[in-house]
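Protein chains in written order, with the numbering used here: chain A, 327 to 1200; chain B, 3 to 134.
Cβ coordinates follow ideal geometry from the N, Cα and C atoms, glycine included.
Below is one structure; the comments refer to it alone.
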Amino acid sequence: MDSSGESRRLVVVGGGMVAQRFVEALRARDTAGTWQVDVFAEEPRKPYDRVALTKYFEVRDPEELTLGDPALWDDPAVTLHRDCAVTAIDREARTVTDRLGRVHPYDELVLATGSNAAMPPIPGNDLPGVFVYRTIDDVAALRGWVEQKREAGTTAGGFVKPVRGAVIGGGLLGLEAAGALKALGAEATVIEFGTHLMGVQIDLGGGHALKRLINDKGIGVRPQTATSAMKPHKRTGHVGHLEFGDGGRLDVDVVVVATGVRPRDELARTAGLEIGERGGAVVDLACRTSDEHVHAIGEVACIEGRCIGLVAPGYAMAEVVVDRLLGGEATFPGADTATKLKLSGVDVASFGDAHGRTEDAMEVVWADPAAGVYKKLVLSDDARTLLGGVFVGDAAPYASLRPMLGSQLPGDPGAFLLPEGGGGAPALELPDDANVCSCNNVSAGTIRAAVTEHECTDVAGVKACTRAGTTCGSCLPLVKKITNTELQRAGITVSNALCEHFELTRAQLFDAVRVADLHTFTEIIGRFGRVPEGADGPGRGCDICKPVVASILASLGNGHILAGEQATLQDTNDHMLANLQKDGTYSVVPRMPGGEVTPEGLIVVGEVARDFGLYTKITGGQRIDMFGARVEQLPDIWRRLVDAGFESGHAYGKSLRTVKSCVGSTWCRYGVQDSVGMAVDLELRYRGLRSPHKLKLGVSGCARECAEARGKDVGVIATEKGWNVYVGGNGGFTPRHAQLLAEDLTDEELVRTIDRFLMYYVRTADRLQRTATWIQDVEGGLEGVRKVILEDSLGIAADLDEAMARHVANYEDEWRAVLDDPEKLRRFSSFVNAPRTADPTLAYVPERGQRRPATDEERASGVIIAGPKLEVRA
Amino acid sequence: MSVTQEQPAAAAPQTDDLSWERVCLLSDLFPERGSAALLGDTQVALFRLPDDVVVATQQLDPFSGANVMSRGIVGTRAGVPTVAAPVYKQVYSLVTGECLDTAGYSPRPGREPRLVKYPVEVRDGVVHVAVQ
Ligand SMILES: Cc1cc2nc3c(=O)[nH]c(=O)nc-3n(C[C@H](O)[C@H](O)[C@H](O)COP(=O)(O)OP(=O)(O)OC[C@H]3O[C@@H](n4cnc5c(N)ncnc54)[C@H](O)[C@@H]3O)c2cc1C
Chain A
327 MDSSGESRRL VVVGGGMVAQ RFVEALRARD TAGTWQVDVF AEEPRKPYDR
377 VALTKYFEVR DPEELTLGDP ALWDDPAVTL HRDCAVTAID REARTVTDRL
427 GRVHPYDELV LATGSNAAMP PIPGNDLPGV FVYRTIDDVA ALRGWVEQKR
477 EAGTTAGGFV KPVRGAVIGG GLLGLEAAGA LKALGAEATV IEFGTHLMGV
527 QIDLGGGHAL KRLINDKGIG VRPQTATSAM KPHKRTGHVG HLEFGDGGRL
577 DVDVVVVATG VRPRDELART AGLEIGERGG AVVDLACRTS DEHVHAIGEV
627 ACIEGRCIGL VAPGYAMAEV VVDRLLGGEA TFPGADTATK LKLSGVDVAS
677 FGDAHGRTED AMEVVWADPA AGVYKKLVLS DDARTLLGGV FVGDAAPYAS
727 LRPMLGSQLP GDPGAFLLPE GGGGAPALEL PDDANVCSCN NVSAGTIRAA
777 VTEHECTDVA GVKACTRAGT TCGSCLPLVK KITNTELQRA GITVSNALCE
827 HFELTRAQLF DAVRVADLHT FTEIIGRFGR VPEGADGPGR GCDICKPVVA
877 SILASLGNGH ILAGEQATLQ DTNDHMLANL QKDGTYSVVP RMPGGEVTPE
927 GLIVVGEVAR DFGLYTKITG GQRIDMFGAR VEQLPDIWRR LVDAGFESGH
977 AYGKSLRTVK SCVGSTWCRY GVQDSVGMAV DLELRYRGLR SPHKLKLGVS
1027 GCARECAEAR GKDVGVIATE KGWNVYVGGN GGFTPRHAQL LAEDLTDEEL
1077 VRTIDRFLMY YVRTADRLQR TATWIQDVEG GLEGVRKVIL EDSLGIAADL
1127 DEAMARHVAN YEDEWRAVLD DPEKLRRFSS FVNAPRTADP TLAYVPERGQ
1177 RRPATDEERA SGVIIAGPKL EVRA
Chain B
3 MSVTQEQPAA AAPQTDDLSW ERVCLLSDLF PERGSAALLG DTQVALFRLP
53 DDVVVATQQL DPFSGANVMS RGIVGTRAGV PTVAAPVYKQ VYSLVTGECL
103 DTAGYSPRPG REPRLVKYPV EVRDGVVHVA VQ
């Protein structure tokens, strides 16, 4: 606070990515509460991740694009005015006026108004069906248009006339937009005025390779083509065709214009601030405009003579202004303009002096035109110092080479360009000041310090501590490498050993057991167990490795989980085939496949719960949980459930839990497929499948997604043509949305895809690793999983299919098997010397018409209504 | 394996006034698992270790307050026989009753992070436990 004890007023104009980062950084550093911040945003929503805008087509949920911690906007020192553009600045009075005419004073003003999509003056650019690609509203309108056109082009007989799209502009953004059009089911042709695609970032050779890759994606490319007019369709008045300078023409239903951006400097102009030659508010290296109380950051700032259309330099400017406002001396460190195209399946990246414009620069090129691969390094004249690079078709070297910009490369530069496995590139040891994460400006040194000084012991910790890899994620492999190297150096073993009894990871142990064809814990620990120093044997396992081995044996089909020695391995939940609760009783969940249950079934569940005095609750997985069952009651409860046709719901296992569904086309007005039928089939197929962690599936009957399938490990969503399948979603502590794995599958293809996905996961995931993190860790990530499952890249698909077929064939209801076997039933005794006596210490109190365990205070005060037995009517 | 029947239990009652109670047959106990037993008002957990050594501890789990210790997984840590509490997974030595790993939790108010052990003898295939 200043001397008067009052906060000073800071006004931020613009609610985009850079404004968000600015406020976040200020609130993190302004611990004294010097500044009271008002943010004026023209858009009607909180700042969002514009870089990830294209994701909106897939997720359809603006919340998915949330930037940073939303709690920032609840901070009392911050007020976000949404849908509230600033219309004027009065520099004399130091006030701004908003669009409602309200006047707000400021001590310091920050302009973060970003850019507009540029609209070239082509006649017809205002026709309906012509879009730009900058905001959530833009992409939502584009999507609506394409969907409407597709509907209009669908005949009663189901023939679909393709929606024809064109993108004007073949830069980063245009290619992303073309990919989005394809994803929306439209055709796409990219019209580029220059000689080749991505002309700013890559050279002609790279452009040729890129055109090939883009064509392979089913996207047309017309380089060296000037669009002279957009013409309306005669009947509809919507955009109908494009006319080109060379006399050519292209029929279209939708056009996206992506020809560049213009800084939104209109406020700065009318306020009389100095404006750059090509627009933008001119700032110095402290990001101050020509008025010392006005700062400009992000795309609107003209710094070092130009505006920069990338987010990382904007973030750097935000940090500079925060530092200055808190009395620091920071200056803009210079722009990192490295870029990577975010178009799935097309690897393009460039950094530094990609065009070799430095005097005497040398170029080393490696090209494989047939494969669409082009890689180039730009080096200083002695062929040592790295000045830049271009990667098309194989951007693998990008992540590790980019941070070496300006440094000497060890060894032969050509070695870095050879295909992987083609000639051992020397290991790169990045200098501490190499910038690893350009989005958040995190250097290799900072990552190392996270390990050595801040005691981070894994990548997740380093990410949380440094923010590296939390924006676009492209540097994550590098972050992981540096982190692990540093951990090793610090003598912290990055041990993947399961526990003191096994050096192997779960995945390795799974393979070992499968290949060696072992069937008991004794054999397994005898063969693969670690013998501790000084001991004469490997010991007898522990609460970590025993359940893992139990799960592996179950996944490989070794009979009942309580059969023979397997019973010694089970966690209490699996051992009692029920879920342990805090008072030592268990809960009971019968399977209700797809959430479907008959009235008779419901009545039985109700009667059982009433007769045994169980508390009932509907679970998130669309079934009924009955709580408060004592060990000795479990067989009696299950006898009645099994007699009524119910079977184990495996709620107690690390195994398939439920397949949640919406009601689907059989009842719903909007459903396009029978989601309940599919959910029932899937649940009956995978019931009892033991896995590294619990598994949840969901099936939605249309794109409205009422089953919330994308929050599941496997989510299935009906389309007009079949099913889309998404993988790697979960709720819980770290919620994840599932990602698209394959589209428009038939029933049969869907089942095969899920079979393989689940088996691959069961075999290769770590202990307690859910599908989301497994996908991150597994070789090649989601793309790798896709290749293994859909293209059989490892040649294991038949094996996975067979394993799943065996699982399906060998399924038996675990509870029925227990009821049929007196030896197994003996385990369900309360006391070995009083098998049917209830634990006398159980105590309950009534709540909302049911009972719950008494708290310690309630026990002490004696308000207990019931001991363990009183209410039982059975 | 370093446990023997004669080993004095850490927090066991005085040996002079032991009253032994016949509890069950050794064959009633499941190898490498626990079973609960009710001795008067006292709940006891009996663990049958691989070499048929039987260990008795309190059944009360100091961290959850529930009578569940017999339902934990039996194993070894550095050769010492252990049981892991089934609720929050603390690991206890079955030799001393001491908690070897609190798994990041604290015991319930008024409880110690250890298990009381009771003397056990197996005579002619019958398990005897002494509780006070
Ligand atoms: C599809 C797409 C993909 C991209 N991909 C990448 C990428 O991979 N890598 C990369 O580095 N960059 C990428 N970018 C560019 C990146 O999004 C921008 O560099 C970044 O958003 C700039 O942030 P900013 O805050 O300066 O501007 P913006 O994010 O544009 O925010 C400015 C905000 O200010 C508001 N505003 C303007 N005038 C006013 C006013 N008078 N009053 C109130 N509010 C006002 C605007 O409505 C806007 O919401 C991409 C952009 C798009 C559109």
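- Measuring C-alpha to C-alpha distances from Ala770/A to each of Ala823/A, Gln734/A, Cys801/A, Trp361/A identifies Cys801/A as the nearest.
- Scanning chain A for C-beta atoms nearer than 7 Å to the C-beta of Leu40/B yields Phe1157, Asn1159, Ala1160, Thr1163, reported in chain order.
- Here Gly1041/A is bridged, per DSSP, to Gly1024/A, Tyr1052/A.
- For the pair Ala506/A and Leu468/A, the Cα-to-Cα distance works out to about 10 Å.
- Counting C-beta atoms within 10 angstroms of its own C-beta, Thr480/A has fewer than 16 neighbours from the protein chains shown and is therefore classed as exposed.
- The closest heavy atom of ligand 1 lies 8 Å or more from the beta carbon of Ser987/A.
- Within the stretch 695-739 of chain A, the alpha helix (DSSP H) runs of at least 4 residues that lie entirely inside it are, in chain order, 724-727.
- Counting along the chain, the unbroken alpha helix (DSSP H) around Phe1083/A starts and ends at 1073-1090.
- Residue state for Met1004/A is assigned as helix, using DSSP reduced to three classes.
- If you ignore the 5 residues before and after Cys101/B, its C-beta comes within less than 6 Å of the C-beta of Gln92, Tyr94, Pro115, Arg116, all in its own chain and listed in chain order.
- Here the alpha carbon of Lys702/A sits roughly 28 Å from the alpha carbon of Glu630/A.
- Sequence-distant partners of Thr423/A (beyond 5 residues in either direction) whose C-beta falls short of 6 Å from its own C-beta, in its chain, are Thr413, Ala414, Val429.
- Val25, Cys26, Asp30, Leu31, Phe32, Pro33, Glu34: these are the residues of the stretch 18-34 of chain B whose beta carbon lies less than 8 Å from some beta carbon of chain A, given in chain order.
- Listed in chain order, the beta strand (DSSP E) elements of length 3 or more contained wholly in the stretch 887-946 of chain A are 912-914, 941-944.
- With fewer than 16 other CB atoms across the displayed protein chains lying within 10 angstroms of its CB, Pro1061/A is exposed.
- Identification of chain B residues near Asp784/A by a Cβ-Cβ cut-off of 9 Å yields none; the smallest Cβ-Cβ distance measures about 17 Å.
- For Phe348/A, same chain residues with a beta-carbon under 7 Å away, outside a window of 5 residues either side, are Val338, Val436, Ala438, Ile623, Ala644, Val647, Val648 in chain order.
- For Arg73/B, same chain residues with a beta-carbon under 6 Å away, outside a window of 5 residues either side, are Pro88 in chain order.
- Around the CB of Gln734/A, fewer than 16 other CB atoms lie within 10 Å, so the residue is classed as exposed.
- Beta-bridge partners assigned by DSSP to Asn69/B: Leu62/B.
- Here the stretch 808-818 of chain A does not lie against the stretch 843-851 of chain A, with fewer than 3 beta-carbon pairs under 8 Å apart.
- At a cut-off of 9 Å between C-beta atoms, Leu903/A does not count as an interface residue with respect to chain B.
- At least one heavy atom of ligand 1 sits closer than 8 Å to the Cβ of Met343/A.
- The C-beta separation of Leu379/A from Met343/A comes to about 11 Å, leaving the pair out of contact by the 8 Å criterion.
- Annotation for Met643/A: the continuous alpha helix (DSSP H) segment containing it runs 637-651.
- Scanning chain A for C-beta atoms nearer than 7 Å to the C-beta of Pro52/B yields Arg866, reported in chain order.
- Within the DSSP bridge table, the entry for Ala492/A names Thr515/A, Val581/A as partners.
- For Arg966/A, the closest alpha carbon among the candidates Glu368/A, Tyr941/A, Pro916/A is that of Pro916/A.
- Comparing alpha-carbon positions, the option among Val839/A, Val1051/A, Arg420/A, Gly511/A lying closest to Glu1031/A turns out to be Val1051/A.
- Within the same chain, and ignoring the five residues on either side of Pro454/A in sequence, the residues whose Cβ sits closer than 6 Å to its Cβ are His564.
- Boundaries around Phe570/A are those of the beta strand (DSSP E), 565-570, since no alpha helix (DSSP H) includes it.
- In terms of CA proximity to Ala1068/A, Glu1109/A leads the group Thr1097/A, Tyr1086/A, Glu1109/A.
- Distance from the Cα of Trp399/A is smallest, within the candidate group Asp416/A, Arg1152/A, Glu418/A, Phe366/A, for Phe366/A.
- Shown here, Val620/A sits in a strand according to DSSP, grouped into three states.
- The continuous beta strand (DSSP E) containing Tyr1170/A extends over residues 1170-1173.
- Per the coordinates, the alpha-carbon of Ile1115/A lies some 58 Å from the alpha-carbon of Leu41/B.
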